[in-house]
Amino acid sequence: MMRAFAPLIVVVLPIAACSRGEAAQTADPASFDPIASVVMHPRCKNCHQDESPRQTDAAILHRPLVVRGKDGHGAPTQPCQTCHQATNTADGFVPGVATWELAPLSMLWEGRTKQQICEQMKDPARNGGRRTGEEIIEHMKADPLVLWAWTPGAGRTTPPLSHEKFVQALEAWVSAGMPCPKA
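Quick note on the numbering used here: the sequence shown kicks off at 15 and runs consecutively.
Listed below in structure tokens is the structure:
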């Protein structure tokens, strides 16, 4: 009787031995495409910069010219909060969130491919210390700066997916093992 189960054990054990990492290698890397369409949109990329933020869909240098400063909040003589308040101004021209700042340099996206951004989003050393896919999802669901992208004011374009669809895409990507596109 045991011989009848031997082939079953041989087939089941290798399948059970697959790790999440192995599953990610066979998962569809295209699952990152809808996420890339959002994180590479100007509402996100304009603040994932090196020394100066960008403005508009054309990603022009910030006017007036401002710099990152040592902590990402602008120069000591001109911090971001000089102009950027807790909410968009009444006319919407000056965007606002209480925590307005540039993304940390470790989270620089300017000049990166979607494959590089995908790998970066998975790396706690380059994603704000988020160790799990669930932590990445939570950041994208709740961070006020992320949420601002969908209520930017003054006729600014919003990312191509609704926030709800973006979160659903993140959840599907995480469930698939967080596969990244190939170069």
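The beta carbon of each residue, even a glycine, is placed where N, CA and C say it ideally should be.
Note on geometry: alpha-carbon atoms of Ile74 and Ala163 lie some 17 Å from one another. Annotated as proximal: Pro158 and Val111, with beta-carbon spacing under 8 Å. Within the model, the alpha-carbon separation for Cys61 versus Ala186 is close to 26 Å. Close CB contacts of Ala89 within its chain, under the 8 Å cut and outside five residues either way in sequence, are with Val80, Val81 and Gly83 (chain order). Listed as beta-bridge partners of Gly88 by DSSP are Pro93.
Classified as exposed, Ala197 has fewer than 16 neighbouring CB atoms from the shown chains inside 10 Å of its CB. For Val52, the CB contacts under 6 Å within the same chain, skipping 5 residues up- and downstream, are Pro173, Leu175 and Phe180 in chain order.
With contacts defined as CB atoms closer than 8 Å, Pro67 and Pro109 fail to qualify as a contacting pair.
Thr96 and Met154 have their C-alpha atoms some 26 Å from each other. Ranked by Cα distance from Gln182, the first of Glu148, Ala168 and Cys194 is Glu148.
In the three-state scheme derived from DSSP, where H, G and I count as helix and E and B as strand, Gln129 is classed as helix. Taking a 10 Å sphere around the C-beta of Pro78, we find fewer than 16 other C-beta atoms and assign the residue as exposed. Taking 8 Å as the cut-off, the Cβ atoms of Ala72 and Lys128 do not count as close.
The three-state reading of DSSP puts Arg68 in strand, counting E and B together.
Pairing Pro56 with Gly86 gives a Cβ-Cβ distance that is not under 8 Å. Distance from the Cα of Gly142 is smallest, within the candidate group Ala168, Ala104, Ser120 and Ala190, for Ser120.
Of the candidates Ile151, His177 and Thr171, His177 places its Cα closest to the Cα of Leu161.
Here Glu65 is exposed. Its C-beta has fewer than 16 other C-beta atoms within 10 Å. Straight through space, the alpha carbons of Pro138 and Gln130 are spaced by roughly 14 Å.
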